[in-house]
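**Student:** FYI, the numbering for the sequence shown is -16 to 396, going by the working numbering. Backbone N, C-alpha and C define an ideal beta-carbon position, used for all residues, glycine too. The structure that follows is given in the form of structure tokens.
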Amino acid sequence: MSKDSLTRRRFLQSTGAAAIWLPTTVKGYTANEMHALYADGTMQEDVSKWELDTPSLCVDLDALESNIAKMQSTTSQNGIASRPHAKTHKCPTIAHMQLDSGSVGICTAKISEAEAMYQHGINEILMTTTNVTTTKIRRAMTLRQSCQEFIQATDSPSNARLLSEAAQAMGIVADVVVDVDPGGHRTGITAGTPALELAQLIDQLPGLRLRGLLCYDGGSQHVKGFEKRKNQTLERLVAATNTHEQFQASGLTTEVFSGGGTGTYNIDHQTRGLTDIQVGSYVFMDAQYLGIGGEDNIEHFTDFEPALTILTTVLNDQYAGRCTTDAGAKACTINRPWAIIKGESGISYSSGSDEFGTVRYEENASRTYKVAEKIELIVSHCDPVVNLYDHMYAIRNNQVEAIWPIAARGMSA
Ligand SMILES: Cc1ncc(COP(=O)(O)O)c(C=O)c1O
């Protein structure tokens, strides 16, 4: 026995620590046990989410389904399509649900994400990021060889030429869209003449087929206040709309004009010519989006329900005003605003420490927690949180209904 444990034993004996409390009511299941119970694709036992080992990632099915249905009904009412971004969930099961609800395709940010989605039966893929290296261009064109509905973004004449050469070498004609910069200079070519000339070049290149353009205005998605957000994004999309019309006037293909996101999902249809919105976060929602305010609620964006949560366990409750949990940066990220404790008020959560989360009670805290109790957190920012887990538990009425692999988890290349 080590010196430390001997010392601890003596201490416990001398303090009469027989009264140490151990939780006995909850059985508890490890991830391996859960996988065994779900081996044939149906849960073999009723398991409450509160019995899951932690930290664990959960998606509430009622909320998820309602978010997908709401997006579908809004887009159809507004006469626009949705092409949800799979970078948010990285989960083929959810991508299939979105396509089944009527989405025209999905987007991916990385070629590895696109490959993972294709391997799980998804064909309609728009890759919104440009591939610039020989390796990635080859991978993209290899994917296009078998995936007929794969569309690649490009934003420069030199990149278009490289894509065309790679496509020709593989004996294919690859579909591309021109990525137009909305003004943030993150990606994309300048709207107007530069974008038009790129589209005309693509139209001439033997290995490429022009499908249209995309313009994603990321800088407007989290603008607080509906009117401000609306005015900003509509203004920033004017140059892309003009470019789209220049494409049309020049006889170029304009069947795809993709853009928009969750923050502007009910605004984007007012951008003339936009065909589909690349909404991502709406499926899960997160603390970052909850704070932007909606059309009907100035303070809170309540159009979609928070569906993605992290379960964490209290490790230490010995100190006044706080307790410590097992979900720190490696389970929650260090994105701000911090995760929110679901259903409680006057209690804050932070995950700046690698392995530990910190709960702090304010004067009006709705409750306090004891060691081994579980806490449910609404995630700070859904995309990077999903990327920390191999699977998510699909929950209905607090019971585990399924285990969904996050097949593109870690696929950042
Ligand atoms: C190109 C592109 N399209 C769409 C989205 C989805 O945005 P949101 O999660 O805000 O709906 C993103 C997110 O960053 C993006 O980069």
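Thinking C-beta only, is R305 closer than 8 Å to Y332?
**Tutor:** For the purposes of this step, residue 332 is taken as residue 349 along the sequence shown, with counting starting at 1. For the purposes of this step, residue 305 is taken as residue 322 along the sequence shown, with counting starting at 1. Cβ distance not < 8 Å, so Y332 and R305 don't count as in contact.
**Student:** Kindly give me the distance between the Cβ atoms of K313 and L371, rounded to whole angstroms, as I take these residues to be in contact under 8 Å.
**Tutor:** Position 330 of the sequence shown, counting from 1, holds the residue named residue 313. Position 388 of the sequence shown, counting from 1, holds the residue named residue 371. That belief holds up - the Cβ atoms of K313 and L371 are roughly 7 Å apart, short of 8 Å.
**Student:** With a CB to CB cut of under 7 Å and the five nearest residues on each side skipped, what residues in its chain are close to T236?
**Tutor:** In the sequence shown, the residue the question calls residue 236 occupies position 253. The answer, listed in chain order, is L193, R194 and G195.
**Student:** Tell me whether A52, by its Cβ, gets closer than 7 Å to a heavy atom of ligand 1.
**Tutor:** If you number the sequence shown from 1, residue 52 lands on position 69. No, since every heavy atom of ligand 1 falls outside the 7 Å radius drawn around the Cβ of A52.
**Student:** Judging by CA-CA distance, which residue of T176, C365, Q60 and T116 is the nearest neighbour of E228?
**Tutor:** Stepping through the sequence shown from its first residue, residue 228 is reached at position 245. If we check each option's Cα against that of E228, T176 comes out closest.
**Student:** Please indicate yes or no: does the CB of C41 lie closer than 7 Å to some heavy atom of ligand 1?
**Tutor:** Here the question's residue 41 lines up with position 58 in the sequence shown. Not so, every heavy atom of ligand 1 lies at least 7 Å from the Cβ.
**Student:** Between which residues of its own chain and V354 is the CB-CB distance below 6 Å, once the five residues before and five after are set aside?
**Tutor:** The count along the sequence shown starts at 1 and reaches residue 354 at position 371. Result list for V354: V297 and D300, in chain order.
**Student:** Give a single yes or no on whether G276 has its beta carbon closer than 7 Å to a heavy atom of ligand 1.
**Tutor:** Position 293 of the sequence shown, counted from the start, is the residue given in the question as residue 276. No, the Cβ of G276 stays beyond 7 Å of every heavy atom of ligand 1.
**Student:** Per DSSP, E359 is paired with what?
**Tutor:** On the sequence shown, position 376 is the one that residue 359 refers to. E359 pairs with L294.
**Student:** Note down the Cα distance separating V342 from R350, rounded to an integer number of angstroms.
**Tutor:** Counted from its first residue, the sequence shown places residue 342 at position 359. Counted from its first residue, the sequence shown places residue 350 at position 367. Taking the straight line joining both Cα atoms gives about 11 Å.
**Student:** Just to check, is the beta-carbon of S264 closer than 7 Å to a non-hydrogen atom of ligand 1?
**Tutor:** Start at 1 with the first residue of the sequence shown, and residue 264 comes out as number 281. Yes - ligand 1 has a heavy atom lying nearer than 7 Å to the Cβ of S264.
**Student:** Measuring from the CB of H283, is there a heavy atom of ligand 1 at a distance below 7 Å?
**Tutor:** As a first step, residue 283 must be located in the sequence shown, where it is residue number 300. It does not: the Cβ of H283 is nowhere closer than 7 Å to a heavy atom of ligand 1.
**Student:** For the beta strand (DSSP E) holding Q253, just list the boundary residues, first then last.
**Tutor:** What you label residue 253 is simply residue 270 of the sequence shown in a count that begins at 1. Element bounds for Q253: n/a, residue is neither H nor E.
**Student:** Could you check if D337 is buried or exposed, using at least 16 other CB atoms within 10 Å of its CB as the buried criterion?
**Tutor:** By one-based count along the sequence shown, residue 337 stands at place 354. D337 is exposed by the Cβ-count criterion.
**Student:** Helix, strand or coil for V206? Go by DSSP, reduced to three states.
**Tutor:** Here residue 206 is taken as the residue at index 223 of the sequence shown, counted from 1. The answer is coil: DSSP assigns V206 none of H, G, I, E or B.
**Student:** Using a Cβ-Cβ cutoff of less than 8 Å, which residues in the same chain neighbour N106 once the five nearest sequence positions on both sides are dropped?
**Tutor:** Stepping through the sequence shown from its first residue, residue 106 is reached at position 123. Cβ neighbours of N106 beyond the five flanking positions: C130, Q131, E132 and F133.
**Student:** Alpha carbon to alpha carbon, how far is A123 from G276?
**Tutor:** In the sequence shown, the residue the question calls residue 123 occupies position 140. In the sequence shown, the residue the question calls residue 276 occupies position 293. So the two alpha carbons sit approximately 38 Å from each other.
**Student:** Scan the segment 96 to 135 and note each continuous beta strand (DSSP E) run of 3 residues or more that stays entirely inside, going in chain order.
**Tutor:** As far as the segment 96 to 135 is concerned, its whole beta strand (DSSP E) runs of at least 3 residues are 108 to 110.
**Student:** Provide the residue span of the alpha helix (DSSP H) that contains S147, from first to last.
**Tutor:** As a first step, residue 147 is located in the sequence shown; it is residue number 164 there, counting from the start. S147 -> alpha helix (DSSP H) spans P140 to A152.
**Student:** Would you say G245 touches ligand 1, meaning its beta carbon is less than 7 Å from a heavy atom?
**Tutor:** Residue 245 sits at position 262 when you count from the first residue of the sequence shown. The identity of residue 245 in the sequence shown is Thr, whereas the question assumes Gly. Yes.
**Student:** Just to confirm, does H68 get its C-beta within under 7 Å of one of the non-hydrogen atoms of ligand 2?
**Tutor:** Ligand 2 is not part of the structure shown, which contains ligand 1 as its ligands.
**Student:** Thinking C-alpha only, which one of G104, A92, I293 and D36 is nearest I77?
**Tutor:** For this step, residue 77 is matched to residue 94 along the sequence shown. The option with the nearest alpha carbon to I77 is G104.
**Student:** Who pairs with A157 in a beta bridge, going by DSSP?
**Tutor:** Locating residue 157 in the sequence shown gives position 174, counting from the first residue. Paired residues: L191.
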